[in-house]
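Counting from 1, one number per residue, gives the positions in the sequence shown under the UniProt record's numbering.
Glycine included, C-beta positions come from ideal geometry on N, C-alpha and C.
Only one structure is covered here, and it is reproduced in the block below.
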Amino acid sequence: MCLCSSRASLFAIFAFATCGGYSGELRLSVDCANKSESDLSIDIAFAYPFRLHQVNFEAPTCEGKRRETLALIGDFSSSAEFFVTIAVFAFLYSLAATVVYIFFQNKYRENNRGPLIDFIVTVVFSFLWLVSSSAWAKGLSDVKVATDPDEVLLLMSACKQQSNKCLPVRSPVMSSLNTSVVFGYLNFILWAGNIWFVFKETGWHSSGQRHAADTMEKQPGGYNQGGYNQDSYGPSGGYNQPGSYGQVGEYGQSQSYGQSGPTSFANQI
Numbered sequence: 001m002c003l004c005s006s007r008a009s010l011f012a013i014f015a016f017a018t019c020g021g022y023s024g025e026l027r028l029s030v031d032c033a034n035k036s037e038s039d040l041s042i043d044i045a046f047a048y049p050f051r052l053h054q055v056n057f058e059a060p061t062c063e064g065k066r067r068e069t070l071a072l073i074g075d076f077s078s079s080a081e082f083f084v085t086i087a088v089f090a091f092l093y094s095l096a097a098t099v100v101y102i103f104f105q106n107k108y109r110e111n112n113r114g115p116l117i118d119f120i121v122t123v124v125f126s127f128l129w130l131v132s133s134s135a136w137a138k139g140l141s142d143v144k145v146a147t148d149p150d151e152v153l154l155l156m157s158a159c160k161q162q163s164n165k166c167l168p169v170r171s172p173v174m175s176s177l178n179t180s181v182v183f184g185y186l187n188f189i190l191w192a193g194n195i196w197f198v199f200k201e202t203g204w205h206s207s208g209q210r211h212a213a214d215t216m217e218k219q220p221g222g223y224n225q226g227g228y229n230q231d232s233y234g235p236s237g238g239y240n241q242p243g244s245y246g247q248v249g250e251y252g253q254s255q256s257y258g259q260s261g262p263t264s265f266a267n268q269i
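Written out as structure tokens, the structure is:
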């Protein structure tokens, strides 16, 4: 249990660190027909929690010295913050559970309350990891589209004129965000797999085994009272009853094939 908790806390750290600590940047180039109005290095920086609609940047209009202020599209903070929040709480709970397992083992097992709480929390976190990871995977997909340099160029009025040349210079690096999604699903697998071990700690598993053992012990007793174990071939049986062959015949002689047979034969002689 302690090992599982330490792994869960470690994976949770990787999950919220790779997502919550992210910052990226893209660079665009606008080459106007009038070279003096061009801007070949337009840097656009964004970061967690990915409220892209609040990320502003300036771009030339290629109409004199006038510049326009634009913003990226989209707000993906809900899925990102939900993912990071679950990761932080999972880390704190795993850390607390590790301390309890090591230093407060007796309190943990008292009245079976600790394992029961641990089981419920583990099931809840497994579900939350699945939901938050799926939501963040969808949010990350939308972030990639919103920060794609080719998509951002479409926002500029200067790029709508064929006489001007608009080119993407550098795309944002999303490798750490991809890693955060992977760690999110790894956390789900870890917590879901940990359900079985926590379930065994609750005592429900052992009580179920004892109930099955008691049932198996009671089953043979039922056959001892059935008709198959009656002494059907004993003294009271139909085949061992005396006198079945010792009846008196119609000639008045004792026709017996049992122990009285030799005596009757001797008397006749």
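Over what stretch of residues does the alpha helix (DSSP H) that includes residue 142 continue unbroken?
113 to 146
With 16 other CB atoms within 10 Å as the buried threshold, where does residue 69 fall?
exposed
Classify residue 87 as helix, strand or coil using the three-state DSSP reduction.
helix
If we ignore side chains and look at the alpha-carbon of each, how far apart do residue 187 and residue 195 end up?
13 Å
Would you kindly check if the distance between the Cβ of residue 174 and the Cβ of residue 166 is under 8 Å?
no
How long is the line joining the alpha carbons of residue 145 and residue 163, rounded to whole angstroms?
26 Å
Looking at C-alpha atoms only, which residue of 135, 67 and 35 is the closest neighbour of residue 83?
135
Report yes or no: do the stretch 88 to 99 and the stretch 34 to 47 share at least 3 C-beta pairs separated by less than 8 Å?
no
In the DSSP output, what is residue 96 paired with across the bridge?
DSSP output for residue 96 lists no bridge partner at all.
If we call anything under 8 Å between Cβ atoms a contact, is residue 61 one with residue 176?
no
Hey, could you find the ends of the beta strand (DSSP E) residue 165 is sitting in?
165 to 170
Would you please verify whether the beta carbon of residue 123 is less than 8 Å from any beta carbon of chain B?
This model lacks chain B altogether; it includes just one protein chain.
Leaving aside the five residues before and after residue 52 along the sequence, list all residues of the same chain whose C-beta is less than 8 Å from its C-beta, in chain order.
46, 71, 72, 73, 74, 75, 76, 143, 146 and 147
Quick check on this structure: which residue in 200, 13 and 131 has the alpha carbon closest to the alpha carbon of residue 120?
200
Would you say residue 128 and residue 86 are within 8 Å of each other, going by their C-beta atoms?
yes
By how many angstroms is the C-alpha of residue 15 removed from the C-alpha of residue 57?
30 Å
Among 104, 105 and 91, which one has its Cα closest to the Cα of residue 125?
91
Under 8 Å, do residue 42 and residue 55 count as touching if we go by C-beta distance?
no
Would you tell me roughly how many angstroms separate the C-alpha atoms of residue 48 and residue 184, rounded to the nearest one?
16 Å
Assign residue 103 to one of two classes, buried (16 or more other C-beta atoms within 10 Å of its C-beta) or exposed (fewer than that).
exposed
Could you give the C-beta distance for residue 59 and residue 67, rounded to a whole number, given that I count them as a contact under 8 Å?
7 Å
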